[in-house]
Amino acid sequence: MASDPKYAPGQIVKGRTICGAKNKQEKPCGLSPAEGATRCGRHGGNSPQARKAAERRVAEAQAQKELERGVRTLGLPIDIDPGKALLDEIHWTAGHVAWLREKVQDLDTVDKLTRGTEDRTTWNKDGDSEFHEGSDESGNPNAHSLVWGQTEYRDKTGGEDAGQTVVEQAGINIWYQLYFKERDHLAKVCALALKAGIEERKVKLAESQGALVAEAIRRILAALNLSPAQQALVPEIVPQQLRLLAGGNAL
1 MASDPKYAPG
11 QIVKGRTICG
21 AKNKQEKPCG
31 LSPAEGATRC
41 GRHGGNSPQA
51 RKAAERRVAE
61 AQAQKELERG
71 VRTLGLPIDI
81 DPGKALLDEI
91 HWTAGHVAWL
101 REKVQDLDTV
111 DKLTRGTEDR
121 TTWNKDGDSE
131 FHEGSDESGN
141 PNAHSLVWGQ
151 TEYRDKTGGE
161 DAGQTVVEQA
171 GINIWYQLYF
181 KERDHLAKVC
191 ALALKAGIEE
201 RKVKLAESQG
211 ALVAEAIRRI
221 LAALNLSPAQ
231 QALVPEIVPQ
241 QLRLLAGGNA
251 L
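Numbering-wise (UniProt numbering), the sequence shown opens with residue 1 and increments by one.
Rendered as structure tokens:
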């Protein structure tokens, strides 16, 4: 049975995200979920699975924003040849892949945690105090940040288990995930370009342009009424200059 869209998670109501789960009054819950979450704490938003998913969404959104800073702002629609649009997409995507590759290569051994634990004193029910020394070091210092890192931070201020907890675990770094997705996109657009015969079209265009240039040169030379000695130099000079024009090396 399909779920009722009335109680869909993460609804936007009057510009605000709400939980949306069915409450005791059989109405959508109006409480706001935590950042990255789709349900409030009363309706499963504090479960380990939900918190992990929310943290992943936040990390993905932050990484995506940084990636988008390297991409120009979208403009108005323009007329463009589909072949050129495909080649432009290849060039842009190749640039994204190169930039993301640098991000992945910057990942070394586990960096200091972005938010570790602080020095703190707690008191038990008998009134005895206990000092907890803070730490910003990884619990697994020999792990590589490509596959290991901080995934959760909890700070409980009351109760017997009051204190700060940093959770680290194995997982593919978000930068590598974006890098992999962009590489996959690059492979796909390159395959599309090959399938569309973009290279063949470029060769044919170059050939047609070359034929036009050759015809123009013949007409120019015919109009100049060159002497036999000058005409003898044409096979040497003209090809040489055409190679320079095309970006080649003169022989």
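All C-beta atoms, glycine included, are put in the ideal place defined by N, C-alpha and C.
The structure displayed is predicted, hence computed values, not measured ones.
Can you list, in chain order, the residues of its chain whose CB lies under 6 angstroms from that of residue i, leaving out five sequence neighbours each side?
| i | result |
| --- | --- |
| Q64 | none |
| V213 | none |
| H96 | E182 |
| L233 | none |
By Cβ distance, which residues of its chain are closer than 7 angstroms to residue i, with the 5 residues on each side in sequence left out?
| i | result |
| --- | --- |
| A37 | G45, A50 and A54 |
| W175 | A63, L100, K103, V104 and L107 |
| E221 | Checking the displayed sequence, the identity of residue 221 turns out to be Leu instead of Glu. Closer than 7 angstroms at the Cβ level, and outside the excluded window around L221, lie V234. |
| G30 | I18 |
Quick test of your reading: residue i and residue j, contact by CB under 8 angstroms. State the CB separation rounded to the nearest angstrom.
| i | j | result |
| --- | --- | --- |
| P28 | K6 | 6 angstroms |
| A94 | L244 | A94 to L244, Cβ: 28 angstroms. No contact. |
In terms of alpha-carbon separation, which member of the options lies closest to residue i?
| i | options | result |
| --- | --- | --- |
| D81 | R201, A98 and P9 | R201 |
| R57 | V167, H96 and Q177 | Q177 |
| residue 252 | G41, S208, G10 and D4 | What is shown of the chain runs 1 to 251, which leaves residue 252 out entirely. |
| C190 | G20, E35 and E89 | E89 |
| E60 | I172, G95 and N23 | I172 |
| I12 | R39, A85 and P48 | R39 |
| V167 | A98, K52 and Q209 | K52 |
| G83 | A211, G41 and A193 | A193 |
| G197 | L87, A211, Q230 and L67 | L87 |
| K22 | Q231, P48 and H43 | H43 |
| V238 | E199, I217, N225 and F180 | I217 |
Run through the DSSP bridge pairs and tell me what residue i is partnered with.
| i | result |
| --- | --- |
| P28 | K22 |
| T17 | I12 |
Which residues in the same chain have their Cβ closer than 8 angstroms to the Cβ of residue i, if we skip the five residues on either side of it in sequence?
| i | result |
| --- | --- |
| E35 | A54 and V58 |
| I17 | Inspection of the sequence shows that residue 17 is occupied by Thr rather than by Ile. Answer for T17: G10, Q11, S32 and P33, listed in chain order. |
| A2 | With a pLDDT of only 44 at A2, under 50, the local geometry of the prediction cannot be trusted, and the value read off the model is given with reservation. No residues qualify anywhere along the chain. |
| L76 | With a pLDDT of 49 at L76, under the threshold of 50, the modelled position of that residue is not reliable, and no figure is offered here. |
| G15 | none |
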